[in-house]
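Working notes, structure below.
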Amino acid sequence: MKRVLIANRGEIAVRVIRACREEGIESVAVYSEADRRSPHVAAADMAVEIGPPPAAESYLNIERVLSAARRTEADAVHPGYGFLAERADFAEAVEAAGLTFVGPPPSAIRAMGEKTAARRRMEESGVSVVPGTTSPVAGPKEAAVVAAEIGYPVLLKAVAGGGGKGMRRADSERELQGSFQQATSEAMKAFGNGDIYVERFIEHTRHVEIQVLADTHGTTVHFGERECSIQRRHQKLIEEAPSPAVGPELRELMGATAVRAARAVGYVGAGTVEFLLEPGESGNFYFLEMNTRIQVEHPVTEMVYGVDLVRQQLRIAAGAPIEADGRSLEPKGHAIECRITSEDPFNDFLPDTGTIQYLNVPSGPGVRWDGGIAVGDDIGLYYDPLLAKLIVWGETRAAAIGRMRRALDELVIVGVATSQPFHRLVLEHEPFTNGSYDIGYLEQHGDALLAAADDAGELERIAVAAALAEHQRMRIASPQRIGAGDGRVAGSAWLRAARLDGRR
Amino acid sequence: MKYEVTIGGGDGAGKGRLFVVEIDGDDVFLDGRRVVARLDSLPETPIRYLEVDGRTESLAMAHDGHGWRVQVRGRVRAVGVVDERTRRLRELAGGEAKSGRSGVVKAPMPGMILRLQVERGQRIKVGVGLVVLEAMKMENEIRAPQDGVVTQIYVEAGSVVEKGAPLVELGPSS
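So this is what it looks like as structure tokens:
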């Protein structure tokens with residue numbers, strides 16, 4: 004493998020390009036017309052424009068991506084996450100073109116991609132799944148029958164799903180109709196397949212997932228868990244490793260189960276097995292799904308296990324064996340990741356748009372920034388709102404929390420509203436700091452958390468700043484105003500500057 | 157010069173807080189209390205360094221034609237600043253017509269209207285879903301901010317709307 008094309012954009016494209024550089028492999032970026040000046044284009048060794056801004060005509064267009072690979076004589080394709088990453092037909096097309104797909108075999112993607120088939124297969128291999136259907140339901144009526152059987156609340160999920168799209172909760176039969184329609188139409192749009200299945204929604208569970216890595220020589224290992232329970236509408240916002248709810252024994256049990264799940268589908272490469280962990284001491288956990296790609300939140304695992312998962316992906320794709328001595332690995336210290344998205348927490352997390360005017364990236368001990376933005380970038384609505392990930396490592400969970408607060412305070416992104424202030428509030432909030440939170444966290448605490456955000460001293464300082472800034476602005480503007488009737492001053496920049504200096 | 161400073165939330169017309177800041181040469185008074193303050197700019201950027209009574213802070217500030225947008229640790233606030241003279245002039249001119257609480261529900265972000273969930277003339281309660289707006293492949297239900305009757309619908313399924321575009325008008329419920 005000498006040249007890898009990265010069929011993605013944003014932070015994950017930059018992340019993969021960095022791994023290629025470190026492995027001594029050349030990288031090829033692809034980009035849409037909207038991304039001409041994006042950081043991933045500048046970071047790569049070569050770059051090919053593949054179409055207009057809508058993803059369907061660029062990043063999701065298999066033919067254009069492959070044609071870019073042919074033109075640049077790339078010999079492998081890394082799909083990143085999202086876009087084509089979990090499309091078995093894409094992996095097949097890459098292989099048919101004589102290129103290496105940096106990811107699992109198409110058969111494994113297919114086996115896990117169809118969520119109901121994956122549930123059946125997991126049950127067969129003795130892995131517990133969340134109670135619900137193992138095949139799609141015919142419509143809202145059948146969903147209601149199933150829901151009455153397993154009990155409300157239920158979760159309606161897209162058979163082709165992923166990333167929280169095509170997923171809706173229903174608390175009663177009355178709600179089911181509308182939720183079903185929304186889930187179906189969202190699934191249709193996101194995946195081209197509107198099939199829905201039904202799962203019981205278990206309250207107060209935690210979302211805990213296991214990172215696995217498998218090579219082509221029959222070795223499959225796990226790298227412990229990530230805790231991803233801080234979510235909004237099934238979209239993860241904050242992740243950490245290890246989970247405050249998982250000890251060494253449970254880690255081994257969940258890890259072994261994840262390895263079994265991966266082996267059941269002949270998995271190769273980096274993958275993630277997602278579980279729901281029941282509250283309390285029971286330690287019961289249920290298989291949710293397997294993501295057959297690198298995850299957004301992979302860095303927290305990298306920080307506590309000292310592994311570079313993307314470089315491992317590249318080595319495994321090139322046929323190298325995993326260097327494992329059979330001993331199970333223990334996480335060292337604690338890592339936290341905050342997803343910095345262009346969503347405004349004070350406007351119901353709606354996506355914001357704008358141009359990045361200024362960017363100050365946190366640095367210093369134990370801080371990592373996986374970003375895909377630069378000054379001048381237009382943040383539009385064509386793509387996912389994830390701008391960057393801020394990751395910290397600390398000797399203990401408390402140290403990591405303190406470090407994340409410090410890093411968030413250093414971060415400045417001007418031009419678009421981001422999730423940054425939300426993270427800062429969560430990092431001070433007791434259910435997070437004591438580690439007791441579950442997937443209901445945001446629903447339960449979100450509104451109060453955001454409403455209580457005003458600090459009197461801060462508002463006073465803002466008022467002083469605004470008055471001073473307005474005062475300065477008026478002083479700059481006024482000579483021009485006078486100038487309308489006073490030719491001596493009008494247009495004289497020197498005089499204006501002299502006046503300004505006089506006021507300092 | 158005396159300035160009246162109103163700090164709102166984000167875009168919302170939520171409760172603002174009012175401060176009076178008087179600037180007289182190098183002297184600054186916040187609600188009558190003297191503070192030592194200075195504001196410096198980082199050239200060619202929106203970044204300002206603020207020092208108030210020895211406490212330093214960096215903020216991002218931009219004037220959008222109507223008022224200031226002030227960003228501290230990622231939180232953006234709309235801040236209105238009116239100097240006393242301008243305020244008096246406005247009052248003398250009869251003030252601007254107070255546009256009472258508008259009954260028009262606007263698009264909170266650009267996107268495409270997927271479905272209408274109400275009809276003209278329909279009586280609705282606060283929280284009822286009015287339209288479903290798709291942005292970034294997510295469906296967002298826009299809900300009624302108050303009880304009322306749907307008096308006007310400005311969009312239809314398939315309409316592409318900009319942020320702030322009127323969607324539905326709500327009249328009083330009786």
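Protein sequence lines correspond, in order, to chains C and D. Each number in the working numbering corresponds to the 1-based position in the first sequence with 3 added. Each number in the working numbering corresponds to the 1-based position in the second sequence with 156 added. Even for Gly, the Cβ is constructed at its ideal location relative to N, Cα and C.
| message | Taking 8 Å as the cut-off, does the segment 232–250 of chain C touch the segment 259–268 of chain C (at least 3 CB pairs, one atom from each stretch)? | response | no
| Residue burial classification, lysine 160 of chain C (beta-carbon count within 10 angstroms, cutoff 16) | buried
| Can the beta-carbon of leucine 186 of chain D be found less than 7 Å from the beta-carbon of valine 467 of chain C? | Result yes, Cβ atoms of leucine 186 of chain D and valine 467 of chain C sit closer than 7 Å.
| task | Keeping to the same chain, check which residues put their C-beta closer than 7 Å to that of glycine 327 of chain D; ignore five residues upstream and five downstream. | result | Gly259, Gly304, Val305 and Thr307
| field | Which of helix, strand or coil DSSP assigns to isoleucine 510 of chain C | value | Look at the range of chain C in this structure, 4 to 507, and you will see that residue 510 of chain C is not part of it.
| query | If you draw a straight line from the alpha carbon of lysine 254 of chain D to that of arginine 241 of chain D, how long is it in whole angstroms? | reply | Note on lysine 254 of chain D: pLDDT 37, under 50, position unreliable in the model; the coordinate value appears next. For lysine 254 of chain D and arginine 241 of chain D, the distance between alpha carbons rounds to 20 Å.
| Who are the near neighbours of valine 228 of chain D in its chain, counting only those whose CB is closer than 6 Å to its CB and skipping five residues on each side? | Excluding sequence neighbours, valine 228 of chain D sits near Leu215.
| query | Residue range of the beta strand (DSSP E) that lysine 281 of chain D falls in? | reply | Segment: none, lysine 281 of chain D is in no beta strand (DSSP E) and carries neither H nor E.
| Opposing strand residues paired with glutamate 202 of chain C [DSSP bridges] | In DSSP, glutamate 202 of chain C forms a bridge with C:Gly135 and C:Leu158.
| Nearest CA to the CA of tryptophan 372 of chain C: which residue from C:Glu255, C:Val303, C:Tyr34 and C:Ala99? | C:Val303
| field | Boundaries of the alpha helix (DSSP H) in which methionine 306 of chain C is found, first to last residue | value | 301–308
| query | CB aspartate 174 of chain C to CB tyrosine 155 of chain C, shorter than 7 Å? | reply | yes
| field | chain D contact for proline 482 of chain C (CB, 7 Å cutoff) | value | For proline 482 of chain C, the pLDDT reaches just 49, beneath the cut-off of 50, and the residue's location in the model is therefore unreliable, although a value from the coordinates is still provided. No, its Cβ sits nowhere closer than 7 Å to a Cβ of chain D.
| Whether isoleucine 343 of chain C touches threonine 222 of chain C by CB criterion (7 Å) | For the 7 Å CB-CB criterion, isoleucine 343 of chain C and threonine 222 of chain C do not form a contact.
| task | Please compile the residues from chain D whose C-beta is within a distance smaller than 9 Å of the C-beta of glutamine 360 of chain C. | result | Thr201, Pro202, Ala216 and Ala218
| request: Less than 8 Å between the CB atoms is what I'm expecting for valine 313 of chain C and proline 334 of chain C, so what's the real figure, rounded? | output: That pair is no contact at about 19 Å.
| Test: arginine 177 of chain C CB closer than 7 Å to a CB of chain D | no
| said: Against chain D, with Cβ distances strictly below 7 Å, would arginine 172 of chain C count as a contact? | reply: With 7 Å as the cut-off, arginine 172 of chain C does not count as an interface residue toward chain D.
| Under the three-state reduction of DSSP, which class applies to leucine 428 of chain C: helix, strand or coil? | helix
| Is there at least one Cβ from chain C nearer than 7 Å to valine 226 of chain D's Cβ? | yes
| Alpha carbon to alpha carbon, what distance is there between leucine 414 of chain C and valine 364 of chain C? | 5 Å
| Bounding residues of the alpha helix (DSSP H) (the contiguous stretch that carries methionine 115 of chain C) | Taken as a continuous stretch (DSSP letters only), the alpha helix (DSSP H) holding methionine 115 of chain C covers 109–116.
| Below 7 Å between beta carbons: does that hold for valine 300 of chain D and valine 282 of chain D? | For clarity, residue 300 of chain D is alanine in the given sequence; the question names valine instead. Yes, these two residues count as a Cβ contact at 7 Å.
| task | Taking the CB atoms as reference points, tell me whether glutamate 14 of chain C and glycine 443 of chain C lie closer together than 7 Å. | result | no
| task | Identify whether glycine 181 of chain C lies in helix, strand or coil by the three-state DSSP scheme. | result | helix
| request: Starting from leucine 411 of chain C, trace the alpha helix (DSSP H) both ways and give me its first and last residue. | output: Looking at the DSSP string, the run of the alpha helix (DSSP H) that includes leucine 411 of chain C is 400–413.
| Helix, strand or coil at leucine 445 of chain C according to DSSP, with G and I counted as helix | helix
| CB-CB length for valine 288 of chain D against arginine 271 of chain D, believed under 8 Å | 4 Å
| request: Starting from glutamine 234 of chain C, find everything on chain D with Cβ-Cβ shorter than 8 Å and list it in chain order. | output: Within chain D, no residue comes near glutamine 234 of chain C; the closest Cβ sits about 14 Å away, beyond 8 Å.
| task | Just list the beta strand (DSSP E) runs in the segment 193–234 of chain D, keeping only unbroken ones of 3 residues or longer that don't cross its boundaries, in chain order. | result | The qualifying runs are 193–197, 203–208, 211–219 and 224–228.
| said: Quick check on the DSSP output: what are the complete alpha helix (DSSP H) runs of length 4 or more inside the segment 319–368 of chain C, in order along the chain? | reply: none
| Taking 7 Å as the CB-CB cut-off, is glutamine 1 of chain C touching chain D? | A query on residue 1 of chain C cannot be resolved here, the shown segment of chain C reaching from 4 to 507 and no further.
| task | Check whether the Cβ of aspartate 412 of chain C lies closer than 7 Å to any Cβ atom in chain D. | result | yes
| task | Give the interface partners of threonine 75 of chain C over in chain D, defined as CB-CB distance under 8 Å, in chain order. | result | Per Cβ cutoff of 8 Å: no residues; threonine 75 of chain C is ~29 Å from chain D at best.
| said: In the DSSP output, what is histidine 225 of chain C paired with across the bridge? | reply: Partner(s): C:Val215.
| field | Which listed residue (C:Thr260, C:Gly272 and C:Ser285) has its alpha carbon closest to that of phenylalanine 278 of chain C | value | C:Thr260
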